[in-house]
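Number 153 in the working numbering belongs to position 115 of the sequence shown; there are no gaps in the numbering.
Presented below is the structure to which this report refers.
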Amino acid sequence: MTTEVSPVARYARGFVLSAAPVPIPVSDWTSTEVVGLFLARAPEVSVASARSGGASVTVIGHLVDTASWMSPADAIAAAAAALVRSEDAFLDVTDAWSGRYLVLFGSAGSRSVMTDATGVRAAFYPLEGPLVVASHARIVARAVGAAQSPLDVEYNAHLRSLRSPVVMPRPGRSTPWDGVV
39 MTTEVSPVAR YARGFVLSAA PVPIPVSDWT STEVVGLFLA RAPEVSVASA
89 RSGGASVTVI GHLVDTASWM SPADAIAAAA AALVRSEDAF LDVTDAWSGR
139 YLVLFGSAGS RSVMTDATGV RAAFYPLEGP LVVASHARIV ARAVGAAQSP
189 LDVEYNAHLR SLRSPVVMPR PGRSTPWDGV V
């Protein structure tokens with residue numbers, strides 16, 4: 039389902055992961071199913087998965103395993119095997135990963151999402167409503183029909199009152215949309 043044809047640069051290296059299909063923001067994105075979830079992504083965004091026992095690990099983006107220098111595929115497989123043992127074992131394995139990625143991990147009954155340690159691979163999501171995780175806050179806002187945040191109105195009014203063209207970051211985890219962080 040394509041709702042908007044935008045230049046690829048608008049959502050460069052973007053993705054959206056959701057429980058149900060949502061509008062794909064760029065016409066050349068590809069979509070697939072990952073662990074029972076809908077994933078749409080820009081062509082340049084890599085996706086790799088591994089399963090072990092009842093556990094699965096999917097990585098969206100790029101990673102380097104700085105502990106054992108395994109290939110990404112082998113590192114993801116090792117993480118899935120560790121997840122079978124425990125979440126702590128999984129976190130020990132992924133602790134040395136570096137890069138720009140999002141990890142979807144768990145089993146059929148429970149899934150979790152985490153970003154790389156420094157948050158280079160952004161992950162926006164709604165505080166309430168359906169599961170939608172995306173690279174850009176606007177994608178989430180459109181998918182869940184979020185209204186403009188009251189904080190955004192005040193923030194923009196404050197920026198207009200400044201006598202300097204300095205761009206100020208938004209406070210905390212706020213975005214221009216209500217309930218999207």
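Glycine included, every Cβ here is placed at the ideal spot set by N, Cα and C.
Remember, predicted model here, so these are calculated numbers, not experimental data.
If you draw a straight line from the C-alpha of Met108 to the C-alpha of Ser69, how long is it?
Roughly 28 Å separates the two Cα atoms.
In angstroms, rounded to a whole number, what distance separates the CA positions of Val73 and Pro214?
Counting only the Cα atoms, Pro214 lies some 30 Å from Val73.
According to DSSP, what are the bridge partners of Gly99?
DSSP, once it has assigned bridges, lists Tyr139 as partnering Gly99.
So if DSSP puts Val54 in a beta bridge, which residue, or which two residues, is it bridged to?
The partner list for Val54 (beta bridge, DSSP) reads Ala78, Ala172.
For Val60 and Thr104, the rounded distance between their alpha carbons:
Taking C-alpha positions only, Thr104 is separated from Val60 by approximately 36 Å.
Spatial neighbours of Gly225 within its chain, please: CB distance less than 6 Å, with the 5 preceding and 5 following residues excluded, ordered by chain position.
In the structure displayed, the chain extends from 39 to 219; residue 225 sits before or after that span and is not available.
CA-to-CA distance, Val95 to Asp130, given in whole angstroms
Their Cα atoms are separated by approximately 14 Å.
My output table needs one value for Pro110: the three-state DSSP class, helix, strand or coil.
Three-state result, Pro110: helix.
So is Ala185 in contact with chain D if we call contact Cβ pairs under 9 Å?
Among the chains in the structure shown there is no chain D, since it carries only a single protein chain.
For Tyr49, which residues in the same chain have their Cβ closer than 6 Å to its Cβ, ignoring the five residues on either side in sequence?
Cβ within range, chain order: Pro63, Val64, His174.
Quick check on the burial criterion: 16 or more other C-beta atoms within 10 angstroms. Buried or exposed for Ser148?
Classification for Ser148: exposed.
Cβ-based burial, Arg79 [other Cβ within 10 Å; buried from 16]
By the Cβ neighbour-count rule, Arg79 is buried, with 16 or more other Cβ atoms within 10 Å of its own.
Distance between Arg198 and Asp154 (C-alpha atoms, nearest Å):
So the two alpha carbons sit approximately 35 Å from each other.
Taking the CB atoms as reference points, tell me whether Gly144 and Ala93 lie closer together than 9 Å.
Using a Cβ distance threshold of 9 Å, Gly144 and Ala93 count as a contacting pair.
Starting from Arg198 and walking both ways along the alpha helix (DSSP H), at which residues does that stretch end?
Here the alpha helix (DSSP H) through Arg198 covers 188–199.
Assign Thr41 to buried or exposed, taking buried as 16 or more other Cβ atoms, counted over all protein chains shown, within 10 Å of its Cβ.
With a pLDDT of only 49 at Thr41, under 50, the local geometry of the prediction cannot be trusted, and no value is derived from it.
Spatial neighbours of Glu71 within its chain, please: C-beta separation below 8 Å, excluding the five flanking residues on both sides.
The answer, listed in chain order, is Leu77.
What's the C-alpha gap between Val170 and Ala184?
Roughly 12 Å separates the two Cα atoms.
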